[in-house]
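In what follows, a single structure is set out as C-alpha coordinates and then discussed.
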Amino acid sequence: MAKYNMKCNSEDQQNAQCSADKNNNCQQALCQCDREIVQCWEKIPVPKKEEECYSKVVDDAKLLHRVLAV
1 MAKYNMKCNS EDQQNAQCSA DKNNNCQQAL CQCDREIVQC WEKIPVPKKE
51 EECYSKVVDD AKLLHRVLAV
(Lines of atoms letter the chains of each structure in order from A; the text may use other names.)
(Lines give C-alpha, C1' and ligand atoms only; values in the text may rest on other atoms or scores of the structure.)
Protein backbone atom coordinates (compact mmCIF):
# COMPACT_ATOMS: atom_id res chain seq x y z
CA MET A 1 0.00 0.00 0.00
CA ALA A 2 1.35 3.39 -0.94
CA LYS A 3 1.63 5.93 1.86
CA TYR A 4 0.64 9.52 1.24
CA ASN A 5 0.96 12.84 3.03
CA MET A 6 -1.91 14.76 4.60
CA LYS A 7 -2.15 17.94 6.60
CA CYS A 8 -4.80 19.01 9.08
CA ASN A 9 -6.13 22.43 9.84
CA SER A 10 -5.12 22.95 13.48
CA GLU A 11 -8.58 24.33 14.26
CA ASP A 12 -10.47 21.50 12.56
CA GLN A 13 -8.71 18.13 12.85
CA GLN A 14 -11.55 16.45 10.95
CA ASN A 15 -10.85 18.47 7.82
CA ALA A 16 -7.68 16.75 6.61
CA GLN A 17 -6.26 17.83 3.25
CA CYS A 18 -4.04 15.83 0.92
CA SER A 19 -0.57 17.37 0.56
CA ALA A 20 -0.41 17.71 -3.22
CA ASP A 21 3.04 19.30 -2.99
CA LYS A 22 4.45 16.19 -1.24
CA ASN A 23 2.52 13.39 -2.99
CA ASN A 24 3.17 11.88 -6.39
CA ASN A 25 0.16 11.37 -8.71
CA CYS A 26 -0.64 7.90 -7.35
CA GLN A 27 -0.34 8.98 -3.72
CA GLN A 28 -2.55 12.01 -4.38
CA ALA A 29 -5.22 9.85 -6.04
CA LEU A 30 -5.23 7.40 -3.11
CA CYS A 31 -5.41 10.24 -0.62
CA GLN A 32 -8.35 11.85 -2.42
CA CYS A 33 -10.12 8.49 -2.63
CA ASP A 34 -9.67 7.90 1.11
CA ARG A 35 -10.94 11.41 1.90
CA GLU A 36 -14.04 10.86 -0.21
CA ILE A 37 -14.91 7.50 1.38
CA VAL A 38 -14.49 8.96 4.87
CA GLN A 39 -16.77 11.85 3.94
CA CYS A 40 -19.32 9.30 2.73
CA TRP A 41 -19.03 7.23 5.94
CA GLU A 42 -19.58 10.38 8.01
CA LYS A 43 -23.14 10.53 6.64
CA ILE A 44 -24.00 7.11 8.13
CA PRO A 45 -25.44 7.45 11.64
CA VAL A 46 -23.72 5.63 14.47
CA PRO A 47 -25.84 2.65 15.58
CA LYS A 48 -27.48 3.03 18.98
CA LYS A 49 -26.84 -0.61 19.84
CA GLU A 50 -23.71 -2.52 18.91
CA GLU A 51 -24.74 -5.60 16.97
CA GLU A 52 -22.62 -8.75 16.82
CA CYS A 53 -21.22 -9.22 13.34
CA TYR A 54 -22.41 -12.58 11.99
CA SER A 55 -19.25 -13.14 9.96
CA LYS A 56 -17.18 -12.66 13.13
CA VAL A 57 -19.25 -15.34 14.90
CA VAL A 58 -18.65 -17.73 12.00
CA ASP A 59 -14.90 -16.94 12.01
CA ASP A 60 -14.72 -17.56 15.77
CA ALA A 61 -16.56 -20.88 15.37
CA LYS A 62 -14.13 -21.99 12.65
CA LEU A 63 -11.17 -21.05 14.84
CA LEU A 64 -12.61 -22.94 17.81
CA HIS A 65 -13.18 -25.98 15.60
CA ARG A 66 -9.54 -25.88 14.43
CA VAL A 67 -8.28 -25.61 18.01
CA LEU A 68 -10.46 -28.49 19.22
CA ALA A 69 -9.50 -30.66 16.24
CA VAL A 70 -5.81 -30.60 17.21
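Numbering (the UniProt record's numbering), first residue to last: 1 to 70. Ideal Cβ placement from N, Cα and C applies to all residues, glycine included.
(request) Could you please give the first and the last residue of the uninterrupted alpha helix (DSSP H) stretch that includes Lys62? (result) Start and end: Tyr54 to Ala69.
(message) On the DSSP bridge list, what partners appear for Cys18?
(response) The partner list for Cys18 (beta bridge, DSSP) reads Met6.
(request) Tell me where the alpha helix (DSSP H) around Asn25 begins and ends. (result) Its alpha helix (DSSP H) spans residues Asn25 to Trp41.
(message) Rounded to the nearest angstrom, what separates Glu51 and His65 at their Cα positions?
(response) Across the structure, Glu51 and His65 are spaced so that their CA atoms are roughly 23 Å apart.
(request) Count the other CB atoms, across all protein chains shown, that sit within 10 Å of the CB of Cys40; report buried if there are 16 or more and exposed otherwise. (result) Per the 10 Å Cβ criterion, exposed.
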